[in-house]
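Numbering of the sequence shown is given in my numbering, commencing with residue 67 and proceeding in unit increments. A virtual CB, placed ideally from N, CA and C, is assigned to each residue, including glycine. Fair warning: this is a prediction, and the values are worked out from it, not measured in the lab.
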Amino acid sequence: MRCVGGLSVCCKLLQGNLLLPELNVHRSVIHRLWNHYQRDRNVSRRRGSGRRRITTTADDRCLLHCARRRRTLTARQLASQLSAAAGRPIFRQTVSRRLHEGGLFVRRPVVCVPVSPAHVRARLHWAREHLSWTPEQLGHVLFTDESLFNIQNDSRRAMIWREPGRRYRAPNIVERDHYRGGGLLVWAGIATNDRTDRYVFAGGSVIAVRYRDEILHPLVRPSIAAMGTDAIFMDDNARPHGARLVQSYLESEAILQTA
67 MRCVGGLSVC CKLLQGNLLL PELNVHRSVI HRLWNHYQRD RNVSRRRGSG
117 RRRITTTADD RCLLHCARRR RTLTARQLAS QLSAAAGRPI FRQTVSRRLH
167 EGGLFVRRPV VCVPVSPAHV RARLHWAREH LSWTPEQLGH VLFTDESLFN
217 IQNDSRRAMI WREPGRRYRA PNIVERDHYR GGGLLVWAGI ATNDRTDRYV
267 FAGGSVIAVR YRDEILHPLV RPSIAAMGTD AIFMDDNARP HGARLVQSYL
317 ESEAILQTA
């Protein structure tokens, strides 16, 4: 602004050169600044268009489509495919930026057990059958499940700070059992207005006989009786829960079970 103010005073006298020693800039700088001020009536620098993007809008859409269709491909593999399709080199960093702009980021997938077509049909049938259940009807259901709590942490993503060349120093070593050091299997059941006591299995495998003697008879049977004649028992459909021994016990005690 000091330059523009000085020019506005000196330009009529053709004395713009008087500003050069004072501002210590070249004549061309003064010339461009004065033309810019006369054109836009300000001296703010206009925002540039930035670096030219190597990918087009169609390339970006194709990249997002490929990443969503085959989610296990790495950025390097996607860059190779896109370079072959576009006919020009496209780097991995560019692909990563385009995926981030499209809302895709690298994450660990959720792990689940394989589901067969028969399981899918059974789940869909059960969902449609219970879709119209009211909260009052759900209040008669006793939900039960088991959870395994590992004694040792098996996370391989934990990092440490260490000095170069001291990898095998004692403070830099983390002990990890190959089988995660065992764990505790805890069972419990909940309902809308009730819950069972927690039960911890004291080691060993949970087979049908043990499930009946340690869970169904001392814990489930009293809870179902206290909930009334409309009570329904629901388990997690583990293999011991569907054994004939277990089903016979439930029928003998007149305990209704979800299909």
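- Judged by beta-carbon spacing, ASP260 lies beyond the 8 Å limit of ALA291, meaning their Cβ atoms are not closer than that value.
- The C-alpha of LEU139 lies about 7 Å from the C-alpha of ALA133.
- Apart from sequence neighbours up to five positions away, the residues of its chain that approach TYR277 with a beta-carbon distance below 7 Å are PRO306, HIS307, VAL312, ordered along the chain.
- Boundaries of the alpha helix (DSSP H) around MET293: 287–293.
- Judged by their CB atoms, LEU208 and PHE299 are nearer to each other than the 8 Å cut-off.
- ARG127 is the residue among LEU148, LEU204, ARG127 whose C-alpha sits nearest the C-alpha of GLU167.
- Fully enclosed alpha helix (DSSP H) runs of no fewer than 4 residues occupy 93–106, 123–135, 141–152 of the segment 93–160, in order along the chain.
- Residue state for LEU214 is assigned as strand, using DSSP reduced to three classes.
- If you draw a straight line from the Cα of SER213 to the Cα of VAL252, it is about 5 Å long.
- DSSP, reduced to helix, strand and coil, places ARG233 outside both helices and strands of the structure shown, so it counts as coil.
- By the neighbour-count criterion, in which a residue is buried when 16 or more other Cβ atoms sit within 10 angstroms of its Cβ, ASP302 is exposed.
- Beta-bridge pairing by DSSP links GLY168 to no other residue.
- Taking the Cβ atoms as the reference, LEU285 lies roughly 5 Å from THR262, within the contact range of under 8 Å.
- In the three-state reduction of the DSSP assignment, ILE281 falls in the helix class, which pools H, G and I.
- DSSP, read as helix, strand or coil, puts LEU311 in helix.
- Around THR324, the same chain offers TRP192, VAL207, ILE298, PHE299, MET300 as residues with beta carbons nearer than 8 Å, after the five sequence neighbours per side are excluded.
- Boundaries of the alpha helix (DSSP H) harbouring VAL186: 183–195, taken from the DSSP string.
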